[in-house]
Structures are given as C-alpha cells and as structure tokens.
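K.L.:
Dropping the structure in here first, questions after.
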DNA sequence: TAGTCAATAGTTGTCCTACAACTAGTCTTA
DNA sequence: TAAGACTAGTTGTAGGACAACTATTGACTA
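Pasting the structure below:
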C-alpha cells in the first residue's frame, strides 16, 4: 500500500492506511455509487487486520461522506459523484485540489519576503512579539489561468533556514512535509468581498467580486503554521461542503 | 441522558448517545480547553458501556474537531473556542445555529405556496416529473434583525398533508422530525453574489452583496428532501469550516 | 550540578472471540 | 394473495488481552 503518509515517512496508523486504501479504491470506481462494498469480516481477512481496525477505517470514510454504513445490511458507496472528495472539509493544498479536479496546477509569485509580523498575524499565529514571518503574494493558476489570489503568512520561528528559502519558490505544503510538520487541521472563515485592492493583472474580475477563504493552518501539536487569505474569483472555482449530523 | 435523538423517538445508537453526551459536557466547559479528559477505560466504566463504544464516540468528536486523541497520552479538548460547535460542517437548522450563537431565532414568512417544480428543482430533488413542491421565501431573523434571506423548495411527494400544512408556518426541520425523516446530510455550495433581485425590506444591504449557501438536504435513505438557497448578508453572520486530514 | 538514560505507570491502538440487534430475503401458511 | 415465521448475512456492542506509545520519575554519569 502506498499511502500519502508512507511517502512522508510519517508512521501512519494501521487504521489510517486501511482507510486511505479503501478511499482510493472507492475513488477508482472499484464499486459503483450505491453499491455495497465488501463486508467488514471480508475486508479484515483480505487486509489481514482485525475487524476493529476495518470498522474504524470505515467510520472515517463515513464521516468524510464517502460511504453509508447501515446496521444489519452493509456499507454502501454514496452517490455524490466526484464533488465530495474535493470538498472543503478535506484539508488539501490548492495544488492538490486543482489537480484532483483535473487541471494543471500552477503558482505565480508576486511577493516573497521576510518581514516582521503585523498585529493580526501575531494574534492569528500566536507569536510572542514581532517575530519575522515569511509573506507571500501569489496567483493560483489552473491550466495557466488565474483562479484565485493568495496572501499567505508563514510562521518561520521554528523552521530551518533552507526550508524557508525553499518556500519562496516551491509549494509551502511540500516544504513542510520534508520536515514532517504538515498541517493536519485548518479553521477557515468564508466571506463575500468587494474590493479594488485585491488581485492584479488583466485576469482580475471587473466587478471586484471575490469569495474570501481566510484560514489558519495548525500542526499536529496545535501550533499555528500559516495564516492565509485566498480570494477566489467567483465562478472559476466550486466550493463544496459536506454537512453531517 | 437526554440526547436530541431521544426526543424524536429515533433509537439512537449507543455510540451516538455517548458521543452526544460527552460533546455536551465539553461544551458545558466541564473540561477546560487543552485539558485532558477522562481515559477511555474510565469513561467506559462510568457510562457502563464497552471501551469500543467509548472509542467510537471519541473518534466522532475528534472528527468534529472537538478533541484531539493522542496515542499513549490521552484525549484532549481542543482550544478552538466556541467557533467549532457552530461550524458549517455540522448540519443544523438556521434556528438551531442562531440560538447556539446566543441570539433569539426567528422567521418572517413572505411566500409559502405549493406549485409545480421547476427544471432545476426536478434535477436537484431527483423528481420524476413536474411534481408539486412546497416553495418558501423567508427572512431569517436573529434578535429580530434580518441576517439572511432564504428561498427553499421542499420535496413533498412522500409527505402526509398535515405535515406540509405545518411547514407553511413552523420550522421545516421540526416538522420533518415528527415523521422521523430529519435530514442527516447536506451538500452545500458557497458563492459570492451581487444581485438586486435578492431580499426585501429596508434591511437588505445597499451594495447588493450576499454570501450564497446553496444546498440539498438528504434523508437517511439518500432521498433528497429540500433544496435551499440562503443568501447571507455579509458581516452579519460568521461562516466557519473545520478542515481536517 | 546538570544532563542522560532506564524503569515505570498510564493511555491509546490493535487483536480475538463471542453474542446482540438489525436487514433483507426465502419459505410457509392461512 | 398476503401476512407472518424463519434464516443467513451484516453491523453494533461486550470483555479481555496485549502491543505501542507517552510522560514522569528516579538513578546514574560526566
């Protein structure tokens, strides 16, 4: 099994590995939407793990909205189409999301500097004083076309210098992976915004209308890693959220 | 234990009952943010259930972002404050959400009619033909002040007449509860919108700016129950989403 | 004295087996 | 024909056991 966690050296739990693999198989259309997948006992023997582990993995997929577990009947693949796996509930980098949607991801750097943190940033990133932060202004591209403008502030107080340098050009998430501190959680706020200050170039919308995704990314230990404001151009991106009880 | 599910006669699973109760205790600040809650063994003895049940319940809370489970250490209350419990991930009625935020919820009915379904509605609600639907136009109030305008279409094809009548005035969710078909899942799309057609009265924004939450609610059996477009007035409501890996 | 390491108690992760509760059929019977 | 009993299969819960991990304590070392 080649799960994401494996690649990054992080010892993923057994449950996580199974969950990732079943997720992959579902997205690969091994079972049709609405179809019943193998029973827990069957899965536990083929994966050579206990039924408890399989159950926990399936529960995760149920939370993610991928399957429906019915007492006494079986586990069924939900028929929400391809929308869910790219939903906002799942924390993924912009590049990941864009390539999952079938486009070629890209980034156009406008600003990449190290400067003292502002008031807001000190608050959001829980910095003690005016620590230096890495500030980025970038355009997010899908198939070469700008879909969003991103203003990111990264907490570099506990990052090695070479990683910070790397971030000035490459993917922030990928760089964080190399030192095993990939964000595992983000709290996002969504707003509608009209502003002439946002964006640049001739691709920015004439009506100055944006959908703002304002979020703080957290590491596994609860430390804030990045505060980012991404302004999406309405109509060029679909925002989906799965809501469950 | 008096869980929501109990009230509605639905036999909630043991896991669900435990999960709801621990959630309630956490929101009631029984443990401070960051603090370690009781161990799984301890909880299993006090609740008189197996550790499996407690574990599953805690996993649910972890997925909701309420707690953090650390291998070999314990389960800790996350310190995201009061934001999370009212996040968009959790499916709740507008009224529920508003009262959780500490305001007095209200609804002002403008239109409540039964009419044939439109093309879009037939598609979203998976209707066979131009079945009649219940169409509502309402203003959502918090402490008597309008915060959003809601345009809802309800699939009444399998609903008893008296329930439909009830919906014309009372809460849609509450009415669905009485016949045990409360929605358990919703797929929502978020957009920024500028329009002069939306809303009414002197409380609508001068800049015609709205945040649109467009969603389809599904019942436990996967049947679409309601298609609703809710236009929030920017700044009067906070949209939070928890994103996890 | 400060730092390193081993031991240890406590906690979550996984395994095993068993049975209860529920579902969706098949078959029987009135 | 329709209602009801029966049954095989599946998920939900129980209990006990051990593995893997964490955080703390205390002994030992430089």
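Residue numbers (our numbering), protein chains in the order written: chain A, 25 to 269; chain B, 25 to 269.
C-beta atoms are modelled at their ideal positions from N, C-alpha and C, and glycine is treated no differently.
1) Can you tell me which of B:202, B:211, B:147 puts its alpha carbon nearest to the alpha carbon of residue 184 of chain B?
2) Is the number of C-beta pairs between the region 239 to 254 of chain A and the region 167 to 179 of chain A that are closer than 8 Å three or more?
3) Which residues in chain A have a C-beta closer than 8 Å to the C-beta of residue 263 of chain B? List them in chain order.
4) Which runs of the beta strand (DSSP E) fall wholly inside the region 57 to 138 of chain B and span at least 3 residues, in chain order?
5) Give me whichever residues DSSP pairs with residue 179 of chain B in a beta bridge.
6) Exposed or buried, what is residue 133 of chain A when buried is set at 16 or more other beta-carbons lying within 10 Å of its beta-carbon?
7) How would you list, in chain order, the residues of chain A whose beta-carbon sits under 8 Å from the beta-carbon of residue 113 of chain B?
8) Since residue 212 of chain A contacts residue 265 of chain B with CB under 8 Å, what's their CB separation in whole angstroms?
9) Counting only Cβ pairs nearer than 7 Å, list the residues of chain A close to residue 83 of chain B.
10) Are the region 120 to 132 of chain B and the region 83 to 91 of chain B touching, with three or more C-beta to C-beta distances below 8 Å?
11) Hey, would you say residue 243 of chain A sits closer than 8 Å to residue 237 of chain A, going by beta carbons?
12) Report the neighbours of residue 258 of chain B on chain A: residues whose CB is nearer than 7 Å to its CB, in chain order.
13) Check the Cβ-Cβ distances between residue 251 of chain B and every residue of chain A, and say whether any is below 8 Å.
14) According to DSSP, which residues form a beta bridge with residue 191 of chain B?
15) Can you tell me which residues form a DSSP beta bridge with residue 234 of chain B?
16) Out of A:163, A:245, A:208, A:198, which has the shortest C-alpha to C-alpha gap to residue 225 of chain A?
17) Going by the DSSP bridge assignment, what does residue 239 of chain B pair with across the sheet?
18) What is the C-beta distance between residue 166 of chain B and residue 155 of chain B, in whole angstroms, given that I count them as a contact (C-beta under 8 Å)?
19) Apart from the five residues just before and just after residue 205 of chain A, which ones in its own chain have a Cβ nearer than 6 Å to its Cβ?
20) Between the beta-carbon of residue 59 of chain B and the beta-carbon of residue 78 of chain B, is there less than 8 Å?
21) Suppose contacts are defined by Cβ-Cβ distances below 8 Å. Is residue 188 of chain A in contact with residue 233 of chain A by that definition?
22) If we ignore side chains and look at the alpha-carbon of each, how far apart do residue 27 of chain A and residue 115 of chain A end up?
23) For chain B, find out if any of its Cβ atoms is closer than 8 Å to the Cβ of residue 75 of chain A; answer yes or no.
24) Counting contacts by CB-CB distance shorter than 8 Å, is residue 179 of chain A in contact with chain B?
25) Shortest alpha-carbon distance to residue 38 of chain B belongs to which of B:263, B:146, B:68?
26) Run down chain B in chain order and give the residues with a C-beta less than 9 Å from the C-beta of residue 89 of chain A.
27) Please list the terminal residues of the continuous alpha helix (DSSP H) segment that includes residue 39 of chain B.
28) In the region 226 to 243 of chain B, which residues sit with their C-beta less than 7 Å from some C-beta in chain A, listed in chain order?
29) So for residue 265 of chain A, helix, strand or coil by DSSP?
30) Residue 102 of chain A to residue 91 of chain A, Cα distance in whole Å?
31) Just mark residue 53 of chain B as buried or exposed, buried being the case when its beta carbon has 16 or more other beta carbons within 10 Å.
32) Who does residue 169 of chain A pair with in a DSSP beta bridge?
33) When DSSP labels each residue in this structure, what does residue 199 of chain A get in the three-state scheme?
34) Beta-carbon within less than 7 Å of residue 73 of chain B's beta-carbon, same chain only, minus the 5 sequence neighbours each way: which residues are those?
35) Counting only the same chain and skipping the five closest in sequence on each side, list residues whose C-beta sits under 8 Å from that of residue 94 of chain B.
P.N.:
If we stick to the structure as given:
1) B:202
2) yes
3) 213, 214, 215
4) 91 to 94, 98 to 101
5) B:157
6) Taking all protein chains shown into account, residue 133 of chain A has fewer than 16 neighbouring C-beta atoms within 10 Å of its C-beta and is therefore exposed.
7) 113, 265, 266, 267, 268
8) 5 Å
9) 80, 83
10) no
11) no
12) 215, 216
13) no
14) None, per the DSSP bridge assignment.
15) B:217, B:257
16) A:163
17) B:212, B:252
18) That belief does not hold up - the Cβ atoms of residue 166 of chain B and residue 155 of chain B are roughly 34 Å apart, past 8 Å.
19) Within the same chain, residue 205 of chain A has close Cβ partners 243.
20) no
21) no
22) Confidence is the limiting factor: at residue 27 of chain A the pLDDT is only 35, short of 50, which leaves the residue's position unreliable and the question unanswerable from this model.
23) no
24) Residue-level contact by beta carbon fails for residue 179 of chain A and chain B, as no gap is shorter than 8 Å.
25) B:68
26) 209, 211
27) Looking at the DSSP string, the run of the alpha helix (DSSP H) that includes residue 39 of chain B is 38 to 51.
28) Under the 7 Å Cβ criterion, the region 226 to 243 of chain B contributes 231, 233, 234, 235.
29) strand
30) Their backbone Cα atoms lie some 5 Å apart in a straight line.
31) exposed
32) A:166
33) Per DSSP, reduced to three states, the secondary structure at residue 199 of chain A is helical.
34) 38, 42
35) 100
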